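Undergrad:
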Amino acid sequence: MSSQPPVSDLSQTPALGVESVHKSFGELEVLRGIDLSLAEHEVVCLIGASGSGKSTLLRCVNLLEPIDAGRIVVAGEEITGGRIDVNRVRRGIGIVFQAFNLFPHMTVLENVTLAPRKARGLSRSAADAEAATLLERFGLADKRGEYPDRLSGGQQQRVAIVRALAMQPQLLLLDEVTSALDPELVAEVLDVIRELAAGGMTMLIATHEMGFARDVAHRVCFLHEGRILEEGPPEQLFGEPREERTRQFLQRIVAAGRM
Amino acid sequence: MAIAVASTVVVVAILVVGVTRSPGWDEFKAYFFDWGYYRESFPEILDAFWVNVKLFCVAEAIILPAALLLAVLRSLPGPVFFPIRALAIVYADLFRGIPTILVIFMLGFGMPALGLDGVPTSQFFWAVVALTLVYTAYVSEVYRAGIESVHPSQDAAARSLGLTHGQSLRHVVLPQAVRRVIPPLLNDFIGLQKDTALVGALGVVEAFRQTQINQAATFNGTYYLVAATLFVAITIPLARFTDWLVARDRRRQQAGRLA
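Sequence lines, in order, name chains A and B. Those letters in the first sequence? Residues 573 to 831, by the numbering used here. Those letters in the second sequence? Residues 122 to 380, by the numbering used here.
#1: Nearest CA to the CA of E797/A: which residue from T585/A, L600/A, V579/A?
#2: In the DSSP assignment, the alpha helix (DSSP H) including S596/A goes from what residue to what residue?
#3: Would you list the one or two residues that DSSP bridges to E802/A?
#4: Please list, in chain order, all residues of the same chain as G229/B whose beta carbon is under 7 Å from its beta carbon, the five residues on each side excluded.
#5: According to DSSP, is G666/A helix, strand or coil?
#6: Determine the chain A residues that contact V293/B at a beta-carbon separation under 9 Å, and present them in chain order.
#7: Any idea what DSSP makes of M782/A, helix, strand or coil?
#8: Which residues in chain A sit within 7 Å of T285/B, going by Cβ to Cβ distance?
#9: Against chain B, with Cβ distances strictly below 8 Å, would M773/A count as a contact?
#10: Mind pulling the alpha helix (DSSP H) runs of 4 or more residues that sit fully within the region 195 to 272 of chain B?
#11: What does L323/B touch in chain A if you count any residue whose Cβ is under 7 Å from its own?
#12: Here's the rule: buried if 16 or more other CB atoms are within 10 angstroms of the residue's CB, otherwise exposed. What is I225/B?
#13: Select from I219/B, I303/B, I166/B, S128/B the residue whose C-alpha is nearest the C-alpha of T343/B.
#14: Can a CB atom of chain B be found closer than 8 Å to the CB of F669/A?
#15: Would you call the CB atoms of G625/A and L610/A closer than 8 Å?
#16: At the 8 Å Cβ level, is A691/A part of the contact set with chain B, yes or no?
#17: Tell me which residues of the region 629 to 645 of chain A have at least one Cβ-Cβ distance to chain B shorter than 7 Å, keeping chain order.
#18: DSSP on T774/A, reduced to helix/strand/coil?
#19: Report the neighbours of M739/A on chain B: residues whose CB is nearer than 8 Å to its CB, in chain order.
#20: Taking 6 Å as the limit between beta carbons, can you name the residues of its chain near L379/B, skipping five residues before and five after?
#21: From the DSSP output, in three-state form, read off R692/A for me.
#22: Do P676/A and Y719/A come within 8 Å of each other at the CB atom, strictly closer than that value?
#23: Helix, strand or coil for D155/B, going by three-state DSSP, please let me know.
#24: Which of the residues in the region 294 to 312 of chain B, read from start to end, lie with their CB under 8 Å from any CB of chain A?
#25: Just to make sure I have the definition right: I need the residues of chain E whose C-beta is within less than 8 Å of the C-beta of R662/A. Which are they?
#26: Using only the heavy atoms of the ligand NAP, determine whether one of them is closer than 7 Å to the beta carbon of V668/A.
#27: In this structure, how does DSSP classify L379/B when only helix, strand and coil are distinguished?
#28: For the alpha helix (DSSP H) holding E718/A, just list the boundary residues, first then last.
#29: With DSSP as the reference, label V325/B as helix, strand or coil.
#30: The alpha helix (DSSP H) spanning D640/A covers which residue range?
#31: Among all the DSSP beta bridges, which residues are the ones paired with C895/A?
#32: Between which two residues does the alpha helix (DSSP H) harbouring G287/B extend?
#33: Do we get a CB-CB distance below 8 Å when we pair Q333/B with the residues of chain A?
#34: Less than 6 Å between C-beta atoms, sequence neighbours within five positions excluded: which residues of the same chain meet that for A279/B?
#35: Does the contact criterion of 3 or more C-beta pairs under 8 Å hold for the region 767 to 784 of chain A versus the region 822 to 831 of chain A?
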């Protein structure tokens, strides 16, 4: 972590600003006023029970779900306004999903190069060259010609991360990226994320891996019923949580052997 | 294997004995199975059959892209496209509801009768139009089922990378959708091949019409057998090919699940 670029001062333009965001699915209010700010190069982990709104928040930031109220600002530009080009905004925000969502009819290389070619307008050779470098960096060079269903879960998720990185995003959203993996495959994916954090990637990470969150996050937010109930540096939030709900949640995690 | 052979032999023997012992067998045989007429009329009916081949080849070449377009129009999201979706639904409902023979009659006799300048009077032309209209409605439903079978997370992954709705459809959703519906598409193609015989009702001399002409001259029914042979010679290989594709897909999916 020593080589990590310093986290910018939050008084500068934040990389991501979420301001009193509300989101309902029908009668169910999933986000009830979320306020959150990420400085450039900052890594923030979202923890909380299933259904607390972590995934929905990430999908809202990526504009995969429209919000009902509030604002989301990325690098000083409001992205939840009326006349926004969602495709341009999404190009700058990568998201990696729990279930990988690789394109099964494309090889690893085609998965990684599709968006650079179509959305960034790179030539096939330029996209291939960039992808080769990324795949090499994450130990996937020999898998470039394979189809996703021939890869292990860990390899698939690493390809999905590479696919997101190939768009050179300023912000990366990770949605419980290890939850669908067999336990022995979790480490290889977490190592990739650690490396990205060390390289200064700004990341918002929803996770159930508390040890990892403690390790990699500058700040941890505990979500409960659609609100950020408590946030702070990992030592404080895991060591001396202020809120009773946070304590209860962490006790359950410890009891389940996940920390 | 031995059991299958034995039981097949027994069943066929019972059928053959049962039919040949029927009281009307001798007249039946003379009417439908006259080898002399069969050989004599075969080249003539084969000639007429090329009209059927032309009909279904031309029609299918229009149906496949037109039906895909219709299915895509029906999948357009948002309230703006409601009129387009509604029109697509009305079209599909209408042409799946009207018996094919009625559409052929209405267009084949109706359109030339208008006597409008520039409106083709060729009944072959209107036969192709009628078959295309009817089968496009069916085939678009097949495509639509394919599009809906692709999990929404695939589109979400594509859109999250900054691809537009159209790019996601073109590169991610449709390739998967079309691959899944190839067997039902071929099935509809077989249906189309058989329905070209309906065009004979307009007076277009295709295989079925030719058999009627021959039958009217000799009062022998063997010609029907000739036409049946020709249709079956094309549809059975296609049906087996379809089965083979389905079996291959199943094998691949199972292989994918094991990996």
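Every residue gets a Cβ at the ideal spot worked out from N, C-alpha and C, and that includes glycine. Predicted, not measured: the structure shown is a model, and the values here were computed from it.
TA: Here's the rundown:
#1: Closest by C-alpha distance to E797/A, out of T585/A, L600/A, V579/A, is L600/A.
#2: Segment 588 to 597 is the beta strand (DSSP E) holding S596/A; no alpha helix (DSSP H) there.
#3: Answer is F794/A, bridged to E802/A.
#4: Excluding its 5 nearest sequence neighbours in each direction, G229/B has C-beta neighbours in its own chain below 7 Å: Q244, W247, A248, A251, L323, listed in chain order.
#5: In the structure shown, G666/A falls within a strand segment according to DSSP collapsed to helix, strand and coil.
#6: Within 9 Å Cβ-Cβ: F675, H677, M678, L686.
#7: Correct three-state label for M782/A: helix.
#8: The answer, in chain order, is N659.
#9: No, its Cβ sits nowhere closer than 8 Å to a Cβ of chain B.
#10: List check, alpha helix (DSSP H) in window: 203 to 218, 221 to 234, 244 to 270.
#11: In chain order: nothing, as chain A lies at least about 43 Å away.
#12: So I225/B ends up on the buried side.
#13: Of the candidates I219/B, I303/B, I166/B, S128/B, the one whose C-alpha sits nearest the C-alpha of T343/B is I166/B.
#14: With its beta carbon less than 8 Å from one in chain B, F669/A belongs to the interface.
#15: Pairing G625/A with L610/A gives a Cβ-Cβ distance that is not under 8 Å.
#16: Yes, because at least one Cβ of chain B sits closer than 8 Å to the Cβ of A691/A.
#17: Within the region 629 to 645 of chain A, the residues whose Cβ lies closer than 7 Å to some Cβ of chain B are N634, L636, listed in chain order.
#18: Reduced to three states, the DSSP call for T774/A is strand.
#19: The contacting residues are L282, G283.
#20: The pLDDT assigned to L379/B is 47, lower than 50, so where the model puts this residue is not dependable, and the model offers no usable value.
#21: In the displayed model, R692/A falls within coil according to three-state DSSP, outside both helix and strand.
#22: The beta carbons of Y719/A and P676/A sit closer together than 8 Å.
#23: Note: D155/B maps to coil in three-state DSSP.
#24: Result list: P296, Q297, R300.
#25: Note that chain E does not occur in the displayed structure, where the protein chains are A and B.
#26: Of ligands this structure carries none, so the ligand NAP is not represented either.
#27: Reliability fails at L379/B, whose pLDDT of 47 lies under 50, so the model's placement of it is uncertain and the value that follows must be treated cautiously. DSSP places L379/B within a helical segment (H, G or I) once states are collapsed to three.
#28: Run containing E718/A: none; DSSP gives neither H nor E here.
#29: Three-state result, V325/B: coil.
#30: From DSSP, D640/A is part of no alpha helix (DSSP H); its letter is neither H nor E.
#31: No information on residue 895/A is available, as it lies outside the stretch 573 to 831 that chain A covers here.
#32: For G287/B, the uninterrupted alpha helix (DSSP H) segment begins and ends at 286 to 289.
#33: No, because no Cβ of chain A sits closer than 8 Å to the Cβ of Q333/B.
#34: If we look at A279/B and ignore the five residues flanking it on each side, its Cβ neighbours are S289, V293.
#35: With a cut-off of 8 Å, the region 822 to 831 of chain A and the region 767 to 784 of chain A count as touching, because enough Cβ pairs lie within range.
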